[in-house]
Each structure stands twice: as C-alpha cells, then as structure tokens.
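Undergrad:
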Amino acid sequence: MIEMELRFEDGTVNTLRAALPLDIGRGSGCGLRLKAWRVAKRHARIERRAGGLFLEDFGALSGTLVNGQRITQYGPLGLDDEIVIGPCLLRLCGSIQHHPIVPMTENALPCDHPSDDDSVGAVVTGGSAPLRPVLVDRQPPCKGEAHASNELDLDTLLRHRRRLHVALLEALDLRRRDIASMSDDALRSEATAALREIIVHDAELPDSMDRTALLTDVVDEAVGLGPLEPLLADHVVTEIMVNRHDEIYIETGGRLLRHNAAFSSEQAVLGVIERIVSPLGRRIDESSPMVDARLRDGSRVNAVIPPVALRGASITIRKFPQSRPGMADLLRVGALDESMRDFLSACVEHRKNIIVSGGTGSGKTTLLNILSNCIPAGERIVTIEDAAELRLNHQHLVALEARPANLEGRGEINIRDLVRNALRMRPDRIVIGECRGGESFDMLAAMNTGHEGSLTTLHANSPRDALSRLETMILMAGMDIPLAAVREHIAGSINVIVQQARLNTGMRLITSIVEVTGMESGRIQTQALFRYQGGPSALFIGCGVVPECFQDEAGSARLPLDWFNQRTPARSEIQAFVRSDPLGATRAHPA
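Mapped onto our numbering, the consecutive letters of the sequence shown carry residue numbers 64 to 654.
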C-alpha cells in the first residue's frame with residue numbers, strides 16, 4: 064500500500080491510500096480516476112520494483128511531469144518528488160524504503176507487469192470530492208504499444224468524423240436550403256436529429272466507438288466551434304492556440320499544454336473561422352488572409368489562413384472573464400498593494416492622464432478596465448477599440464469599434480478616425496483600448512485639450528520604453544513635427560505611466576508606477592513613485608516621492624505621505640491573474 068496527497072487546481076486536497084501497482088487515468092479501470100480532459104483513459108502507473116517505487120507514463124498527449132520535467136519513466140520516487148497529471152499534483156506521504164537507483168531507458172520495462180494482488184482499491188479521504196474505490200486492470204500494454212494504439216484510435220476517429228461531417232452537410236442541404244436564415248439553436252437541433260439518424264444507419268462505425276461523443280463532436284464542428292467548445296467553457300483555460308487542424312495548445316495556470324483533441328480536417332478549421340468572423344461583418348480569404356474578431360463573450364480572436372499560414376489555418380483565442388474584476392480582486396491576488404490601489408484610484412478620480420504599459424499578455428486590458436470603472440458616475444465616457452474588449456460598469460458610455468475594409472477595399476474606419484470623431488461627441492474622458500499608430504498623437508491632443516483623465520494602453524517593457532515608443536509612433540504617422548515638439552507634447556499630456564508585467568511564474572502584477580514630470584535638456588523627465596522588488600523576499604516599495612501633479616494643482620486633495628513610504632511584502636506563491644476566472648482570481652499551477 065502507498066499513501067499519497069492529491070492537490071487539485073481548484074484548491075481541493077485529498078489523501079489516497081491504494082495498493083500497488085496503481086494505474087492513474089480517467090478510465091473506469093484505474094485505481095485513481097481523474098476525470099479531466101487532460102488525462103488519458105490510462106495515463107500513468109506507479110509500481111514497486113527492486114529499486115523502489117517507479118512511475119511510467121503511457122504516452123498521453125498532455126504527458127506526465129515530475130518536478131516540472133516531462134518524463135517517460137522515472138524512479139525511484141522520493142517524498143520530495145512532485146508528480147503532475149492533468150489538474151492534479153501528487154506527493155508521496157509516509158516513509159519510503161529507498162534502494163539503489165536502477166538505470167532506466169525508454170525500453171527498460173517489460174510488457175509483463177507483476178502484480179502484488181488480484182485487485183487494487185483506492186480510497187481517497189479529505190476535500191470536497193472523495194474518490195470511490197475501483198478495480199484496476201492489471202495488464203496494461205507496454206508504452207510503445209499504448210502509444211501506437213492511441214495514434215491508431217485518433218486516426219480512425221478523425222476519419223469517421225470527416226465522413227460523417229460530409230454526410231451531415233449533405234443531409235442538411237437536402238432538408239432545408241435556406242440554412243442561413245435559421246437560428247443557432249434551431250440549426251443545432253436540426254443537425255443533431257439528422258446526424259443521429261445517419262449514425263443509426265451507419266454500418267462502418269466500430270462497435271467500440273462512443274456514438275454519443277461522436278455525435279457531439281461532429282455537430283460542434285459542423286454548426287459550432289468544434290473541439291474549441293469545451294475549451295471555451297472551461298474557466299481554467301485562458302488562451303487557445305490552434306497551430307493546424309490536428310495540433311491544439313492551451314494556456315492554463317500560466318503554462319502551455321498540448322490538448323489531445325483535434326479538428327477532423329483543414330476545411331473544418333476554415334469553417335469555424337468563417338462562423339466567427341461573418342456575424343461581425345469581417346472577411347478572411349486569400350486576398351485578406353488575416354483577421355481580428357471577437358466571440359459573443361468578448362474573447363479576442365486572431366485567425367490566419369494560407370498562403371500566409373504555411374502549416375494550415377491558425378486560430379488564437381484570448382478568453383474574456385465571465386465577470387468583471389475590480390481593484391479588490393487585484394489586491395486579493397497580489398498584483399499591487401493597498402497604497403498603490405489608493406493612489407491609482409485617486410489619479411482616476413482627480414482626472415490624471417494614465418498610460419498602462421506592458422508586454423503581451425501582461426494584463427494591460429484588465430487593468431485598464433478596472434481603472435475605467437473608478438471614473439465617477441456623472442461623467443460621459445467614449446471607448447475606442449480595434450476589437451471590443453472593455454466592459455465598463457458605467458451608465459453614460461458610448462463604445463466605438465474600428466472596422467476593416469469590405470470586399471471592394473472600401474469602408475475602412477481606423478482608430479484614428481474614431482478618436483477624431485470622439486472629440487465631437489462631448490466626452491469627459493476618452494478610453495482607447497490600445498495605441499498602435501497615428502492615433503497616439505490624437506489621443507495626446509485630447510488629453511491636453513479638455514479631456515483630462517483619459518486612459519490608454521501600449522506595448523512596452525518599461526516606462527522609459529513606453530515614452531520612446533510613443534515618440535516613434537507619432538513620427539511614423541507621417542507628421543512633419545520636430546522631435547523636440549513631440550517630446551514636449553508627450554510631457555505636457557501624460558501624468559502617470561503604470562507598468563504591468565507577467566513574471567516567469569505566470570504571475571501578473573504592477574512592477575512600477577512612474578510620474579512624468581516635464582522636460583529638461585530636451586529629455587522627458589520621470590520619477591518613480593512605486594516599484595516592485597522581486598527575489599525571495601518580494602516587496603512593493605514606495606519611493607518616498609509625492610507626485611508633482613498633485614502638488615502643483617490648486618485645491619488638489621492632499622495625499623497621505625504613508626502611501627509613498629511603505630514596504631509591503633508581495634505574495635510569493637505562484638499566481639496568475641487568469642482572465643477567464645469568474646472573479647478574476649488566480650490559480651497556482653501545480654508544476
């Protein structure tokens with residue numbers, strides 16, 4: 064018997080006691096059943112040998128990790144070893160009899176696995192979801208045989224899915240010509256009924272194939288988003304990346320994992336892309352092979368097709384949170400401290416112009432959304448985005464979205480056009496999702512001509528880089544303006560730069576808050592107000608400087624000096640501000 068501690072991504076902790084060898088997977092014949100899509104039916108096995116306890120992976124696509132490294136076989140296991148299978152982290156408990164390490168290769172295990180008992184039971188205690196004892200099949204195939212069997216099963220499944228997909232489309236065309244006029248629910252119901260009848264009369268399907276799952280997969284692919292449907296419904300998944308029709312990766316807990324599902328064909332991926340972009344009035348074809356779009360829940364979608372995508376059509380989806388996080392959520396997950404929270408709220412309330420800077424995936428849009436929700440209720444806001452992502456809890460709001468050119472190459476409306484038009488809409492504040500080009504100059508002009516308190520984001524790795532990128536974007540817009548005038552324009556418009564970063568652990572936090580203080584000797588001057596100090600004893604540190612933008616303003620609120628002199632310990636555990644979490648909460652990845 065062995066005793067193990069099981070820690071799940073949702074925080075549940077269980078204790079497992081089971082006999083050896085112990086099979087782990089989601090199949091009914093496993094001693095430890097983990098019901099998750101990332102876990103194969105027979106995923107891995109722990110057994111005792113002459114050298115101690117050894118772990119073998121049966122070739123699952125998502126793999127088995129030991130101490131952060133993917134393994135084929137590993138042993139002997141120790142109390143300090145962390146095993147990650149799908150959503151579960153496993154650690155051995157109690158005493159372990161150690162023996163000399165036996166050198167292992169990929170072919171070291173024989174196919175004939177000895178057993179200590181005729182049946183194996185697993186009893187899990189503690190936590191909210193105890194696992195019941197089950198019997199274990201004692202004769203799993205060797206790793207090579209299991210891997211070949213899995214590949215064969217996947218090829219067979221995809222072949223039948225392609226065949227049924229074609230049959231379903233033919234049946235729908237025969238029954239109803241005007242499919243475009245049907246609602247989504249009616250079309251799905253019609254497709255489900257038609258495919259159920261096709262499957263009943265299909266003699267080619269193997270008896271062992273799960274017909275219910277097959278029906279769901281084919282209908283999802285024909286009228287929905289195919290294998291992306293369960294991923295979009297999974298709150299743990301934050302990003303979905305389709306490299307080609309049979310290669311899908313996801314991001315969960317700040318880490319990338321290979322997903323074991325696949326589209327049936329390249330044409331199925333193109334069909335999903337078309338269903339995403341068509342309702343938005345956008346197009347994608349060989350003449351325009353790239354497109355940005357959004358899903359109904361606000362998730363951002365980028366799609367690229369051949370000839371630009373050499374390996375086949377590619378889709379990248381950044382999921383949007385189901386609810387709207389606030390400052391309290393940022394404080395709870397350790398993205399900032401109380402002094403930084405209070406200062407940023409004061410900046411928004413007192414109409415300071417703010418730029419949120421950071422790299423891709425660092426949480427800029429999330430922070431911009433939270434800052435925007437600090438705007439007082441009596442003001443009029445105009446938001447401008449390339450693809451609408453902001454969700455403001457504000458009554459007096461006008462949301463504008465850019466539009467690409469149509470099939471004739473006409474009708475394009477870019478962000479700069481929208482910024483110019485927004486100035487005529489009597490806004491108190493303008494919020495731009497992201498500055499990428501010439502609209503930067505118009506945004507700065509708005510900040511400096513009666514629309515104080517406006518906000519935007521841009522890509523940069525530091526506050527100083529953010530200023531340099533602003534200069535570059537304005538100069539590249541084709542304006543014949545001297546660099547000195549551009550810098551004076553920037554220094555006179557921006558008050559605060561908030562730098563957002565994503566650490567290598569997956570944690571997203573504010574690394575610095577900087578004030579723009581003006582020009583000196585032809586250079587924009589800044590001073591740091593808050594900064595994050597990493598390392599074993601991570602801290603949020605106040606730099607001891609009261610911002611000049613509050614000192615110079617007549618009648619401005621006095622800011623407590625304590626805000627700028629604090630040293631607050633930052634959270635040290637692995638955290639990631641997950642966009643798809645219902646509360647914007649974080650999850651610690653077990654690896």
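All residues carry an ideal CB built from backbone N, CA and C; glycine is no exception.
#1: If Leu460 sits next to Ile447, beta carbons under 8 Å apart, how far is it from one beta carbon to the other, in whole angstroms?
#2: If you reduce the DSSP assignment to three classes, tell me which class Gly334 lands in.
#3: Which term fits Gln132, buried or exposed, when burial requires 16 or more other beta carbons within 10 angstroms of its beta carbon?
#4: Suppose only complete runs of 4+ residues qualify. What are the alpha helix (DSSP H) ranges in the segment 66-117, listed by chain order?
#5: Given this structure, state the Cα-to-Cα distance separating Ala509 from Ser517, to the nearest angstrom.
#6: Return the bridge partner residues of Pro293 from the DSSP annotation.
#7: Looking only at DSSP bridge pairs, what is His670 linked to?
#8: Near Cys612, what residues of its chain come up, given a Cβ to Cβ distance below 7 Å and the 5 sequence neighbours on each side ignored?
#9: Buried or exposed for Val76, please, with buried defined as at least 16 other CB atoms from any protein chain shown within 10 angstroms of its CB.
#10: Mark Leu530 as exposed unless 16 or more other C-beta atoms lie within 10 angstroms of its C-beta, in which case mark it buried.
#11: Over the uninterrupted alpha helix (DSSP H) stretch that includes Ala285, give me the two end residues.
#12: Does the distance from the CB of Ile576 to the CB of Leu602 come in under 8 Å?
#13: DSSP on Gln629, reduced to helix/strand/coil?
#14: Going by CA-CA distance only, name the one from Ala451, Gly607, Thr428, Ala257 that's closest to Val561.
#15: Short check: CB of Gly122 to CB of Leu140, under 8 Å?
#16: Closest to Ala485 by CA distance: which of Asp505, Ala81, Glu497, Asp348 is it?
#17: DSSP beta-bridge partners for Asn511?
#18: Verify whether the separation of the beta carbon atoms of Val282 and Thr255 is less than 8 Å.
#19: When you compare only the Cα positions, how much space is there between Gln330 and Gly289?
#20: Looking at Ser503: is its Cβ nearer than 8 Å to the Cβ of Met536?
#21: Look at the Cβ atom of Thr379, then the Cβ atom of His522, and state whether they are nearer than 8 Å.
#22: Below 8 Å on the Cβ atoms is my guess for Leu97 versus Leu85; work out the distance and round it to an integer in Å.
#23: If the criterion is Cβ atoms closer than 8 Å, does the pair Ser703 and Ala366 meet it?
#24: Excluding the 5 residues preceding and the 5 following Glu66 in the sequence, name in chain order all residues of the same chain whose CB lies nearer than 8 Å to its CB.
#25: Between which two residues does the beta strand (DSSP E) containing Glu302 stretch?
#26: Let me know the secondary structure DSSP gives Glu145 once reduced to three states.
#27: Can you give me the C-alpha to C-alpha distance between Ala234 and Leu268, rounded to a whole angstrom?
#28: If we ignore side chains and look at the alpha-carbon of each, how far apart do Ile134 and Phe117 end up?
#29: Using the DSSP secondary-structure output, state which residues sit across from Leu572 in a beta bridge.
#30: Starting from Cys156, trace the beta strand (DSSP E) both ways and give me its first and last residue.
#31: Once you ignore the five residues that flank Met488 on each side, which residues in its own chain have a CB closer than 7 Å to its CB?
#32: Express the C-alpha separation of Asp273 and Ile262 in angstroms, rounding to a whole number.
#33: Give me the Cα-Cα distance between Thr519 and Gly287, rounded to the nearest whole angstrom.
TA: According to the data block:
#1: With a Cβ gap of about 12 Å, Leu460 and Ile447 do not count as contacting.
#2: helix
#3: exposed
#4: none
#5: 8 Å
#6: Note: Pro293 sits in no beta bridge, so no partner.
#7: Given that the chain is displayed from residue 64 to residue 654, the structure contains no residue 670 and the question cannot be resolved.
#8: Lys415, Asn558, Glu578
#9: exposed
#10: Per the 10 Å Cβ criterion, buried.
#11: 274-286
#12: no
#13: coil
#14: Considering only alpha carbons, the answer is Thr428.
#15: no
#16: Asp505
#17: Beta-bridge analysis with DSSP links Asn511 to no other residue.
#18: yes
#19: 12 Å
#20: yes
#21: The answer is no: Cβ separation not under 8 Å.
#22: Not confirmed; about 12 Å, so no contact.
#23: In the structure as shown, the chain begins at 64 and stops at 654. Residue 703 is therefore absent and cannot be evaluated.
#24: Hits under 8 Å: Thr78, Leu79, Arg80, Leu155, Cys156, Gly157.
#25: 300-307
#26: coil
#27: 18 Å
#28: 12 Å
#29: Beta-bridge partners of Leu572 (DSSP): Ala564.
#30: 151-156
#31: Within the same chain, Met488 has close Cβ partners Val445, Val461.
#32: Between Ile262 and Asp273, the C-alpha separation is close to 11 Å.
#33: When rounded, the distance between both Cα atoms is 34 Å.
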